[in-house]
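Numbering (UniProt numbering), first residue to last: 1 to 267.
Here it is, written out as structure tokens:
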């Protein structure tokens, strides 16, 4: 009996606390002027819980700077293997990345160009851009989510014979570059990274696919080699002149607001 009484008291206290919390909670009233008129929702009281909005931060990008949002695939090696991408480069996958990037450029006119390589895409916003009042989080999440959703949406167009087994994941970041030279150097850096990675992948997969090596053996063969060494392996063992490789692979592409796609060699 005592235990039952204690439970009833706790229940009574809990009910009073709930009622007190809800006393000042927003009250919504539905008003209808006529059966065909839309319902109007009005607020009677101010919500005492709205103070929590004070904890939100609104980090803004530095004014008068180039802003670059770089979208990068997460766990893309596993994604590519699961969907059997052609090695070292899958034209379908590259074209899909370009198509998703075009949608982003079409949605955000403050983007002057996009540069894509491998599983990443960089979107350059003009200095005068005032999208979302230059709120960093809003810009990054909007660009990244739009790119990712269109990558999935356009998948059947570029991989008609390959069912999407699971959705890819992309992360995004935003960095400001104050000068024209800074943004030029950024693009040159990404282009150099593309060249280095593609040269390695081209030699690696030549050793595996044509040379009969295992992945581990190919890694050991290339350990410590320079660009000249890799070019020599390609030419002497497989009669491949790396300079004749498609620029779409070695330099990737730049997309402008005119939606043109072009391979670019050099900085």
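Where is the CB? At the ideal position from N, CA and C, for every residue including glycine.
Open item on the list: Less than 8 Å between the beta carbons of residue 68 and residue 122, yes or no?
Closed with: The count along the chain shown starts at 1 and reaches residue 68 at position 68. The count along the chain shown starts at 1 and reaches residue 122 at position 122. In this structure, residue 68 sits near residue 122, with a CB-CB distance shorter than 8 Å.
Open item on the list: Quick check: residue 185 and residue 72, are their CB atoms within less than 8 Å of each other?
Closed with: For the purposes of this step, residue 185 is taken as residue 185 along the chain shown, with counting starting at 1. For the purposes of this step, residue 72 is taken as residue 72 along the chain shown, with counting starting at 1. No, these two residues do not count as a Cβ contact at 8 Å.
- [ ] Output yes or no for whether 8 Å exceeds the beta carbon distance between residue 169 and residue 61.
- [x] Position 169 of the chain shown, counted from the start, is the residue given in the question as residue 169. Position 61 of the chain shown, counted from the start, is the residue given in the question as residue 61. The Cβ-Cβ distance between residue 169 and residue 61 does not fall below 8 Å.
Task: Alpha-carbon spacing of residue 249 relative to residue 165, whole angstroms - done: As a working note, residue 249 is residue 249 in the chain shown. As a working note, residue 165 is residue 165 in the chain shown. If you take the alpha carbons of residue 249 and residue 165, they lie about 26 Å apart.
TODO: Output the boundary residues of the beta strand (DSSP E) element that contains residue 256.
DONE: Mapped onto the chain shown, residue 256 falls at position 256. First-last of the beta strand (DSSP E) with residue 256: 253-256.
Task: Rounded separation between residue 143 and residue 239 - CA only - done: By one-based count along the chain shown, residue 143 stands at place 143. By one-based count along the chain shown, residue 239 stands at place 239. Approximately 42 Å, taken between the alpha carbons.
Task: Own chain residues within Cβ distance below 6 Å of residue 256, not counting five before or after - done: Residue numbering aside, residue 256 sits at position 256 when the chain shown is read from its first letter. Here the set comprises 113.
TODO: Provide the residue(s) that pair with residue 113 in DSSP beta bridges, ordered along the chain.
DONE: Numbered from its first residue, the chain shown carries residue 113 at position 113. Bridge partners of residue 113: 124, 256.
Open item on the list: Do residue 66 and residue 183 count as a contact pair if the criterion is CB distance below 8 Å?
Closed with: As a first step, residue 183 is located in the chain shown; it is residue number 183 there, counting from the start. As a first step, residue 66 is located in the chain shown; it is residue number 66 there, counting from the start. In contact: residue 183 and residue 66 (Cβ atoms closer than 8 Å).
- [ ] For the stretch 72-87 and the stretch 212-230, state whether three or more C-beta atom pairs, one from each stretch, are separated by less than 8 Å.
- [x] no
- [ ] Apply the 10 Å Cβ neighbour rule to residue 212 and answer buried if 16 or more other Cβ atoms are within range, or exposed otherwise.
- [x] In the chain shown, the residue the question calls residue 212 occupies position 212. Exposed: under 16 other Cβ atoms inside 10 Å.
- [ ] Compare the C-alpha of residue 188 against each of 203, 140, 245, 117 and name the closest.
- [x] Taking the chain shown and counting its residues from 1, one reaches residue 188 at position 188. Of 203, 140, 245, 117, the residue nearest in Cα terms is 117.
Open item on the list: Please tell me whether residue 147 and residue 192 are closer than 8 Å, where the distance is taken between their beta carbons.
Closed with: If you number the chain shown from 1, residue 147 lands on position 147. If you number the chain shown from 1, residue 192 lands on position 192. Result no, Cβ atoms of residue 147 and residue 192 do not sit closer than 8 Å.
Task: Backbone CA spacing between residue 272 and residue 223 [nearest angstrom] - done: In this structure the chain extends from 1 to 267, so residue 272 is not present and cannot be described.
TODO: Apply the 10 Å Cβ neighbour rule to residue 203 and answer buried if 16 or more other Cβ atoms are within range, or exposed otherwise.
DONE: By 1-based counting over the chain shown, the position of residue 203 is 203. So residue 203 counts as buried.
- [ ] Would you list, in sequence order, the uninterrupted beta strand (DSSP E) runs of no fewer than 3 residues that lie entirely inside the UniProt domain "tRNAHis guanylyltransferase catalytic" (49-178)?
- [x] 66-74, 111-117, 120-125, 169-177
Open item on the list: With H, G and I counted as helix, E and B as strand and the rest as coil, what does DSSP make of residue 270?
Closed with: Nothing about residue 270 can be reported from this structure: the residues present for the chain run from 1 to 267 only.
Open item on the list: Can you give me the C-alpha to C-alpha distance between residue 242 and residue 208, rounded to a whole angstrom?
Closed with: One-based indexing of the chain shown puts residue 242 at position 242. One-based indexing of the chain shown puts residue 208 at position 208. C-alpha separation (whole angstroms): 17 Å.
- [ ] Spatial neighbours of residue 158 within its chain, please: CB distance less than 8 Å, with the 5 preceding and 5 following residues excluded, ordered by chain position.
- [x] As a first step, residue 158 must be located in the chain shown, where it is residue number 158. Cβ within range, chain order: 92, 93, 95, 96, 99.
- [ ] Find out if the Cβ-Cβ distance for the pair residue 230, residue 199 is shorter than 8 Å.
- [x] If you number the chain shown from 1, residue 230 lands on position 230. If you number the chain shown from 1, residue 199 lands on position 199. Yes, they are a contact pair.
Task: Distance, residue 53 Cα to residue 194 Cα - done: For the purposes of this step, residue 194 is taken as the residue at position 194 of the chain shown. For the purposes of this step, residue 53 is taken as the residue at position 53 of the chain shown. Computed Cα separation, rounded: 43 Å.
TODO: Apply the 10 Å Cβ neighbour rule to residue 120 and answer buried if 16 or more other Cβ atoms are within range, or exposed otherwise.
DONE: By 1-based counting over the chain shown, the position of residue 120 is 120. Counting Cβ neighbours within 10 Å, residue 120 comes out buried, since at least 16 surround it.
Task: Cutoff 7 Å; reference residue 154; Cβ partners in own chain excluding five residues on either side - done: Mapped onto the chain shown, residue 154 falls at position 154. Result list for residue 154: 96, 99, 100, in chain order.
Open item on the list: Rounded to whole angstroms, what is the Cα-Cα separation between residue 109 and residue 190?
Closed with: Taking the first residue of the chain shown as position 1, residue 109 is located at position 109. Taking the first residue of the chain shown as position 1, residue 190 is located at position 190. Those two C-alpha atoms are separated by around 23 Å.
- [ ] Check residue 246 in the structure and name its three-state DSSP category.
- [x] Residue 246 sits at position 246 when you count from the first residue of the chain shown. It is coil, neither helix nor strand.
Open item on the list: Is residue 181 near the ligand FMN - that is, is its Cβ less than 7 Å away from at least one heavy atom of it?
Closed with: Looking at this structure, you won't find the ligand FMN or any other ligand, since it has none at all.
TODO: For residue 127, count neighbouring Cβ atoms within 10 angstroms of its own Cβ and tell me buried if that reaches 16, exposed if not.
DONE: Within the chain shown, the letter at position 127 stands for residue 127. The residue in question, residue 127, is buried, as its Cβ has 16 or more Cβ neighbours within 10 Å.
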